[in-house]
Amino acid sequence: MALAGRTAALWARLRSPRLPPWLLSACERRYSSRGEEKLDMSTYPVESIRNFSIIAHVDHGKSTLADRLLEITGTISKTDRNKQVLDKLQVERERGITVKAQSASLFYNHEGTNYLLNLIDTPGHVDFSYEVSRSLSACQGVILVVDANEGIQAQTVANFYLAFEAQLSVIPVINKIDLKNADPERVEKQIEKLFDIPTNECIRISAKLGTNVEKVLQKVIEKIPPPQCNIADPLKALVFDSTFDHYRGVVANVALFGGEIAKGNKIMSAHTKKRYEVNEVGILTPNEQPTHKLYAGQVGYLIAGMKEVTEAQIGDTLFLYKQPVEPLPGFKSAKPMVFAGMYPVDQTEYNNLKSALERLTLNDSSVTVHRDSSLALGAGWRLGFLGLLHMEVFNQRLEQEYNMSVILTAPTVPYKAVLSSAKLIKEYGKDEITIINPAQFPDKFLVSEYLEPTVLGTIVTPHEYIGKIIALCQDRRAVQKDMLYIDENRVMLKYLFPLNEIVVDFYDALKSLSSGYASFDYEDAGYQAADLIKMDILLNGNPVEELATIVHNDKAYATGKLLCECLKESIPRQLFEIAIQAAVGKKIIARETLKAYRKNVVAKCYGGDITRRMKLLKRQAESKRLMRKIGNVEVPRDAFIRVLKRETD
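For reference, each letter of the sequence shown is one residue, going 1 to 649 in full-length UniProt numbering.
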């Protein structure tokens, strides 16, 4: 009794609101896994299982709805602190966005039958649509959330078509009906026009206040079908996500499409052909809850002594040893859209940054890492990201979780070149190469054509901003593909963009022109031929390798002028004149001149003959000319960082 009393007192202290959420959840997990009985999942046959996702545009209330569903089913207790319960990362809580898809198992009694509802909360931003498509593979239906105030946005359309292509049941939910400017009737008409879903199927809710949320759960049970699988079949488990625990190794999130799995089973990976012994299986509620077994149709986690996330390949199929099965289709691997150089601020921090990168990429397998080095910035890496927000979030996680400050260069995109030189084709072993770094850019006479990546962009905007937005798109070399009025006030535009034109500041410009009302989403559209050139930056006629860049011929002058002006502000003045030039091949396309420091050599001349003054000035000019020939321009590290980040005052 005394021991039980001390344990309860310790647990009460742990529940203190002063403890950070991540520590509290870790303590809860350890405490619950030791103190509670393991759940028996055999009481939930396939017919009483529903697997579903919540999808929506960013900030339309997915995570708030997930919180209410967790409260209604008794998974978590009702308190005022239940905000973004499934968002476990600090960056997610600070920005108010979901970055990583999270799953939770809910138990719900409907008309006397106990149901197991497996919920997956997905990100809403375009950069993380890969997370969404991955989560949908473990589901049979989705809840499509739309803001009653803002209506259908670009990512709403993209996510609906992801679910539609996967042939999932769609339950439309109109959220935030408690807002003063909410107009659910208008949103219902938009859903009917764009998605061909009758208005009477839409459920009007307020996730914040909990209004009508119970109806959503009832609709999930009625409309979403149970998984099509059988416990009698051999084990077939799809790995749809994975995280890394420093003590237990890889925790793989799995959806079972056949059979059952328990602790002690010998399993094998269809991708790596490696063999493992299962140490633990369980469900997420949303903390880890160990169970005796997992059965067909259920979604949970397993720990099997995998040392690296690369062993739990996303889309891999796990099966029992000596009982091979046909692997599930899996997923397309995440394709990086944006590349940036990452360097330590101080080279002595290189090894610390290397270990931090390795640990963080274990939890975020969509980042690609290649070793790189620069004469100006030292040793570093070239990282591939899914988009700009992904890059910012990754950088923020490095700072917050590993206390590492880094230099991140301006983002670039991967180009391709179709080679015509037989010598180069033999050297590379193929006739098409990918160019990530400008130093690899081959000369024009060795290439039959250059290719640049393109994306199909969807813009949803109020109709009064159409003129400005069309002008912006044309300025970014975009080609209009479609234009559709969603209702009398909102328009959906489809454009084919070169990725390079939208990667840095297009989203900010779009929000600025539309007073924040327009939304933007894009998907990969392959490569197209383009007139690309390599632009060098020369200082007193000497090329600076780190500042070379690949640009489209039409944008060469504007980019060259911007870089020259930025360098003029960044490089300190010398005792001799410095010519800062942007060159394409042998042709100079932009120039800025940094004037030399000059001593006033004629200060001692007052009155007298003009020839005396001219003689002194001529001698000074000759000295400067000689100094320019033998003087080296030392570009400070700060100047490199400012130019590579494309920072301007």
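The beta-carbon is built from N, C-alpha and C at its ideal position, and this holds for glycine as well.
Where residue i falls: helix, strand or coil (DSSP)
i: T156; result: helix
i: E185; result: helix
i: S63; result: helix
i: G74; result: coil
i: M614; result: helix
i: H370; result: strand
i: K534; result: strand
i: R50; result: strand
i: V299; result: strand
i: S519; result: strand
i: M337; result: coil
i: D290; result: With the sequence shown as reference, residue 290 is identified as Pro, and Asp is not the correct amino acid for it. Here P290 sits in strand by DSSP.
i: E449; result: strand
i: T199; result: helix
i: N253; result: strand
i: K416; result: strand
i: Y495; result: strand
i: I550; result: strand
i: S42; result: helix
i: E260; result: strand
i: Y161; result: helix
i: E277; result: strand
The beta strand (DSSP E) enclosing residue i, as first and last residue numbers
i: V142; result: G141 to D147
i: H390; result: H390 -> not in any beta strand (DSSP E); alpha helix (DSSP H) instead, spanning L388 to Y402.
i: G380; result: G378 to F385
i: Y557; result: Per DSSP, Y557 belongs to no beta strand (DSSP E); it is in the alpha helix (DSSP H), A556 to S570.
i: S105; result: Q102 to H110
i: Y485; result: V479 to Y485
i: I174; result: S169 to N175
i: E427; result: Counting along the chain, E427 falls outside any beta strand (DSSP E), though it belongs to the alpha helix (DSSP H) covering A422 to Y428.
i: A509; result: No beta strand (DSSP E) holds A509; the alpha helix (DSSP H) holding it covers F506 to L513.
i: I588; result: K587 to L594
i: H463; result: It is not in any beta strand (DSSP E) - H463 carries neither H nor E in the DSSP assignment.
i: M268; result: K266 to S269
i: L119; result: T113 to D121
i: G282; result: E280 to L284
i: L375; result: Taken as a continuous stretch (DSSP letters only), L375 belongs to no beta strand (DSSP E), as it is neither H nor E.
i: I314; result: Unbroken run through I314: none, as it is neither H nor E.
Cβ-based neighbour list, residue i, same chain, cut-off 7 Å, excluding 5 preceding and 5 following
i: K568; result: I580, E592 and L594
i: V447; result: A417, V418, L419 and S420
i: P329; result: none
i: G526; result: T454
i: A334; result: Y130, S366 and L386
Residue environment, residue i, which counts as buried when at least 16 other CB atoms sit within 10 Å
i: E277; result: exposed
i: C605; result: exposed
i: A621; result: exposed
i: R619; result: exposed
i: R275; result: exposed
i: K586; result: exposed
i: R613; result: exposed
i: Q323; result: exposed
i: H246; result: exposed
i: K236; result: buried
i: M342; result: buried
i: P572; result: exposed
Supposed close pair residue i, residue j - CB separation, criterion 8 Å
i: K176; j: A148; result: 5 Å
i: L472; j: L408; result: Their Cβ separation, rounded to whole angstroms, is 26 Å, which puts L472 and L408 out of contact at 8 Å.
i: I171; j: I143; result: 5 Å
i: S42; j: C139; result: Between C139 and S42 the Cβ distance is about 22 Å, and since that is not below 8 Å, they are no contact.
Own chain residues within Cβ distance below 8 Å of residue i, not counting five before or after
i: I550; result: T412, Y415, I435, P438, F441, L532, I533, K534 and M535
i: A296; result: V46, P227, C229, N230, I231, D233, L256, F257, G258, G259 and E260
i: T368; result: P336, L383 and G384
i: T73; result: L106, F107, Y108, L117 and L217
i: L162; result: I55, S129, V132, S133 and L136
Extent of the continuous alpha helix (DSSP H) run through residue i
i: T361; result: Y350 to N363
i: N500; result: L499 to I502
i: residue 660; result: No answer is possible for residue 660: it lies beyond the span of the chain, which begins at 1 and ends at 649.
i: K215; result: V213 to K223
i: D475; result: I466 to D475
Own chain residues within Cβ distance below 6 Å of residue i, not counting five before or after
i: T199; result: E188 and E192
i: G457; result: Y495, F497 and Y522
i: S374; result: E546
i: A590; result: G560, K561, C564 and A582
i: H110; result: I221
i: R29; result: Here the model assigns R29 a pLDDT of 44, short of 50, so the residue's position is not dependable, and the following value carries that caveat. N287 and E288, listed in sequence order.
Distance cut-off 7 Å: residue i Cβ against heavy atoms of the ligand ATP
i: I502; result: For the ligand ATP, the structure offers nothing, since it holds no ligand at all.
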